[in-house]
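S.K.: Residue numbers (the numbering used here): 7 to 448.
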């Protein structure tokens, strides 16, 4: 299975779109896209260029994930980079966006709800000036929309590529509220110019600026919580990467000990391990005996006694004696690297139940848009105002979020794989994990 990093996905509908596009590439036998880790696993004979081209055609980005990207056989700086790549950078960004949005949403809510519904006092320059109040709401809402412009960029990109996503729903909902409110503000200006104050008062109730800003802020809050959950689920993989030793003490041709970077160790090299040190790579003992703590790999808490000709594994701890060993597996061939590879592969595969959720997510957004349009038309036909019908249509758009559906199963799979790895149990695929969950008798 080849693994790829995928960029630009924002919801379950996006991952379903990528999966569908790659699945049509000749030579692709199986494709699984994980929104949780923004990764994709592809099986088959299709070329890397063909797969990447299909992803880009669908409106997203993709790069081949090399062994070094997954934490195999790296030197210290590369391993730090791999661990850094798994760091949660999205949550802090979302947090800043949320705080900035709230700074402008609160005064906007004070103007639109506090004053209009509960009669809270206004600044002198706004008192009795309805057009000025409308302009203030317009300005505050525009700032919130600029802060959260990513929703609109992603949403319209989805529309252009005929693959609407959750951001499309948010952009349509907030955009419709904003657009109708701007129309009401212009109508109010015309009414005030004509001296029709009764119509001006009526139009005050046609503003939905606060709805547009509230939609964006609430969805940002949801995205931040979602991002936090995604970040926490990669902790198991980061923990496994941190187990990998950074250096090894090898004996050169002159019989001199020297400390080298782990990436410089080759098969056949002789290395020594003193009590308390981590064994740098897989090998065979050629001199000495000791007790080795293998709990990091096997979960066994009792140290294992080893002597000449016994096999040892990288990242385990030499507890007592001095041992001299010959390297037999290095880099991505070591036991730890294979475990990291297996956990990473399992995260990129999908359980059958997840595929059901993805099928729903794939048709969800167009269906929701259709229902919202029908909702508006029905309310207009029964005699309600445009503003009333628009508010109901926007409600349908905003409350319909398939992201929880699309994320629930990958989160469960990632956490299950992580817990299994910590207890010495490896699941090769998500299908294996789901089948194990159905086991009643062992």
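Glycine included, each C-beta is placed from N, C-alpha and C at the ideal position.
Going by DSSP in three states, residue 267 sits in which element: helix, strand or coil?
M.R.: strand
S.K.: Quick check on residue 24: does DSSP put it in helix, strand or coil?
M.R.: helix
S.K.: In terms of residues, what are the limits of the beta strand (DSSP E) holding residue 256?
M.R.: 253-257
S.K.: What's the C-alpha gap between residue 225 and residue 153?
M.R.: 13 Å
S.K.: Throw me the rounded Cβ distance for the residue 34 and residue 12 pair, which I believe falls under 8 Å.
M.R.: Between residue 12 and residue 34 the Cβ distance is about 15 Å, and since that is not below 8 Å, they are no contact.
S.K.: Pop quiz: residue 294 and residue 330 are said to be a contact at Cβ under 8 Å. What is the actual Cβ separation, rounded to whole angstroms?
M.R.: About 6 Å separates the two Cβ atoms, so the contact holds.
S.K.: Tell me which residue opens and which closes the alpha helix (DSSP H) that residue 187 is part of.
M.R.: 172-199
S.K.: With contact counted as at least three CB pairs below 8 Å, one residue from each stretch, are the region 39-46 and the region 184-199 in contact?
M.R.: no
S.K.: With DSSP as the reference, label residue 332 as helix, strand or coil.
M.R.: strand
S.K.: Looking at the secondary structure, which residues open and close the alpha helix (DSSP H) in which residue 207 lies?
M.R.: 203-210
S.K.: Starting from residue 444, trace the beta strand (DSSP E) in both directions and tell me its first and last residue.
M.R.: No beta strand (DSSP E) holds residue 444; DSSP gives it neither H nor E.
S.K.: Please report the distance separating the alpha-carbon of residue 299 from that of residue 315.
M.R.: 18 Å
S.K.: Note down the Cα distance separating residue 373 from residue 63, rounded to an integer number of angstroms.
M.R.: 23 Å
S.K.: Hey, would you say residue 141 sits closer than 8 Å to residue 113, going by beta carbons?
M.R.: Not in contact: residue 141 and residue 113 (Cβ atoms no closer than 8 Å).
S.K.: Going by the C-beta, is residue 63 closer than 7 Å to any heavy atom of the ligand SAM?
M.R.: In terms of ligand content, the structure shown is empty, and the ligand SAM therefore cannot be addressed.
S.K.: Would you mind stating whether residue 341 and residue 319 have Cβ atoms separated by less than 8 Å?
M.R.: yes
S.K.: Name the DSSP bridge partner or partners of residue 40?
M.R.: 45
S.K.: What distance in whole Å lies between the Cβ atoms of residue 206 and residue 121, which are believed to be in contact at a cut-off of 8 Å?
M.R.: The Cβ separation is near 15 Å, so there is no contact.
S.K.: Here's the rule: buried if 16 or more other CB atoms are within 10 angstroms of the residue's CB, otherwise exposed. What is residue 164?
M.R.: buried
S.K.: In chain order, what residues of the same chain have a beta carbon less than 8 Å from the beta carbon of residue 290, not counting five sequence neighbours either side?
M.R.: 315, 316, 317, 318, 331, 332, 334
S.K.: Quick check on the DSSP output: the beta strand (DSSP E) that includes residue 458 runs from which residue to which?
M.R.: With the chain covering only 7 through 448, there is no way to say anything about residue 458.
S.K.: Go to residue 107, then tell me how far its alpha helix (DSSP H) extends in each direction, as first and last residue.
M.R.: Note, residue 107: alpha helix (DSSP H), 96-115.
S.K.: What did DSSP end up calling residue 163 once you bin it into helix, strand or coil?
M.R.: In this structure, residue 163 counts as helix in the three-state DSSP scheme.
S.K.: For residue 104 versus residue 220, is the C-beta spacing smaller than 8 Å?
M.R.: Annotated as distal: residue 104 and residue 220, with beta-carbon spacing of 8 Å or more.
S.K.: Can you tell me whether DSSP reads residue 327 as helix, strand or coil?
M.R.: coil
S.K.: Tell me residue 310's beta-bridge partners as DSSP assigns them.
M.R.: Partner(s): 298.
S.K.: My output table needs one value for residue 77: the three-state DSSP class, helix, strand or coil.
M.R.: Residue confidence is low: residue 77 scores 46 on pLDDT, short of 50, so the model does not pin down where it sits. Its coordinate-derived value is still stated next. Three-state DSSP puts residue 77 in coil, outside helix and strand.
S.K.: For residue 17, is the classification buried or exposed, using 16 other Cβ atoms within 10 angstroms of its Cβ as the cut-off for buried?
M.R.: buried
S.K.: I'd like to know whether the C-beta atoms of residue 273 and residue 279 end up nearer to each other than 8 Å.
M.R.: no
S.K.: Per DSSP, which residues does residue 153 bridge with? Please list them.
M.R.: Partner(s): none; residue 153 has no beta bridge.
S.K.: For a quick check, are the C-beta atoms of residue 277 and residue 255 less than 8 Å apart?
M.R.: yes
S.K.: Bridge partners of residue 291, per DSSP?
M.R.: 331
S.K.: Output the distance between the C-alpha atoms of residue 196 and residue 389, rounded to the nearest integer angstrom.
M.R.: Using only the alpha carbons, I get a separation of about 25 Å.
S.K.: I need the DSSP call for residue 84, collapsed to helix, strand or coil.
M.R.: Its pLDDT being 48, under 50, residue 84 is placed unreliably in this model, and the coordinates cannot settle the point.
S.K.: Using only the alpha-carbon positions, how far apart do residue 76 and residue 68 sit?
M.R.: Residue confidence is low: residue 76 scores 46 on pLDDT, short of 50, so the model does not pin down where it sits. No coordinate-derived value is stated.
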